[in-house]
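**Q**
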Amino acid sequence: MERFIKFSGHLGGIFNPGSMDVYLAKLFISRYIIILIGLVATLQMLDLLSESDDILAGDGAVNADLWHYVTLRTPTLLSLFSPFVALLAAIISLAGLNIHSEIIIMKASGWSAFRIITPLLLMSLLIASLHFVFTETIAVHAKAELKNWKENKYAADLPPAPDTVYDTWVTDGNNLVKAESASRNGSILLLDKVTQYIRDKDKRITSLIKADFAVFRDDKWTMFEVKEFDIKTLKVTPMENLIWDTDIPPKRFIALALKPDRVSIQRLRTAITQLKKEGHNTASFETMLYQKFVAPLSTLLMPLLAGLAAFGLHRGGNLFGRIALTGAMGFGYFVINNLFVALGQYGAVPPIIAAWLPFFLFTLTGLSFILLTEE
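Structure (structure tokens):
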């Protein structure tokens, strides 16, 4: 009982913040906000300068469309750079405390290294939670809308973005089918610029069937403006309209061409379930599904990595070297994480390992350094 009371008192000291906890939290969050606003504003301005001519050249475009572009582009930039900004904010905050000997004072008062970075970790957890909610409720929809607007050459007064995907490839027995786009409206599915690659049993292409578009309606496919090209005779045969006899489920065209960074977690899970039922490889989608959780959580990792810049005597002359090493470790995390995501998407590494391994490895690295500091 006595041990429980002592442990509860220790937790109370962490989760019932005193003036020093509030000071550290404010120090970190203020720098995070300032750096995030400055970085995103700079990148947004440069991006707008490069796109402004195309935006104003759109059909019916007005100057207000420039602001509309900013409102669609900024959420993506905020979501993308939030973890990196958290790293910079943690480095600047902790290095500043080290330079002014505040770390030494806190340690002399009985605070451990873990206790010092706890307020930063709690603020990072709050940022990670907001990052996750912001990405799933705002950023993915803004990115999809911006993509649709850009595909229509920034034309004004566009209707809401349809349920459309681009560059869909599916298999139909031995044959391959490509559609430049697939749009769904209720039970009707429209494929644009459809190409069928007819293959023999040895998977060699024998002919091509091209259609301007194909429509799935009343449980059957109809292809319009069809032409067949025979590879052997080099002959083109116009076929006008054609009933397409295929077992391809309409949902497969939409599911296979989803862009995970432009859809919500729920829709991505639905697509994965659909494709798994049909026996498709879902490694790419599963990797990106896990990454939707890892990306915000990487913010929580940054104060641990920044501990290298905080703990150690700055009079030794190696503070700036440790700051540079911390920055290199943070940058290395993003590089390695992207590498593993690519490996997971191509099936070289299991999706769960590809998404989570870099995060846990760098978390252990940060914790190991903090433990070494405690020793």
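Using our numbering, you'd call the opening residue of the sequence shown number 1 and step up by one each time.
A virtual CB, placed ideally from N, CA and C, is assigned to each residue, including glycine.
Remember, predicted model here, so these are calculated numbers, not experimental data.
(1) Determine, using beta-carbon pairs with one atom in the segment 210-221 and one in the segment 191-202, whether at least three such pairs fall under 8 Å.
(2) Taking the alpha-carbon positions, what's the aspartate 172 to isoleucine 243 distance?
(3) To which residues of the same chain is methionine 302 closer than 6 Å at the C-beta, ignoring the five residues directly before and after it?
(4) Is it right to say proline 238 is buried, meaning 16 or more other beta carbons lie within 10 angstroms of its own, or is it exposed?
(5) For alanine 355 versus valine 294, is the C-beta spacing smaller than 7 Å?
(6) When the Cα atoms are used, what is the spatial distance from valine 62 to leucine 361?
(7) In whole angstroms, what is the alpha-carbon distance linking glycine 366 and proline 75?
(8) Taking all protein chains shown into account, decide if alanine 309 is buried (16 or more other Cβ within 10 angstroms of its Cβ) or exposed.
(9) State buried or exposed for leucine 122, treating a residue as buried only when at least 16 other CB atoms are found within 10 Å of its CB.
(10) Judging by CA-CA distance, which residue of Tyr69, Ile205 and Tyr346 is the nearest neighbour of serine 386?
(11) Quick test of your reading: isoleucine 103 and phenylalanine 311, contact by CB under 8 Å. State the CB separation rounded to the nearest angstrom.
(12) Would you mind reading off the limits of the beta strand (DSSP E) that contains tyrosine 23?
(13) Between the alpha carbons of glutamate 2 and isoleucine 92, how many angstroms are there, rounded?
(14) For the segment 133-209, which segments carrying the beta strand (DSSP E) assignment without a break, of at least 3 residues, lie completely within its bounds, in sequence order?
(15) Within 10 angstroms of the Cβ of leucine 364, are there 16 or more other Cβ atoms? Answer buried if so, exposed if not.
**A** In short, the structure shows the following:
(1) yes
(2) 15 Å
(3) Ala86, Leu87 and Ala90
(4) exposed
(5) yes
(6) 50 Å
(7) 29 Å
(8) buried
(9) buried
(10) Because the chain spans 1 through 375 in this model, residue 386 falls outside it and cannot be assessed.
(11) 7 Å
(12) Here tyrosine 23 belongs to no beta strand (DSSP E); instead the alpha helix (DSSP H) covers 19-56.
(13) Reliability of the predicted coordinates at glutamate 2 is poor, the pLDDT of 46 falling under 50, and the value obtained from them is presented with this limitation in mind. Going by the C-alpha atoms only, they are around 40 Å apart.
(14) 163-172, 175-185 and 188-199
(15) exposed
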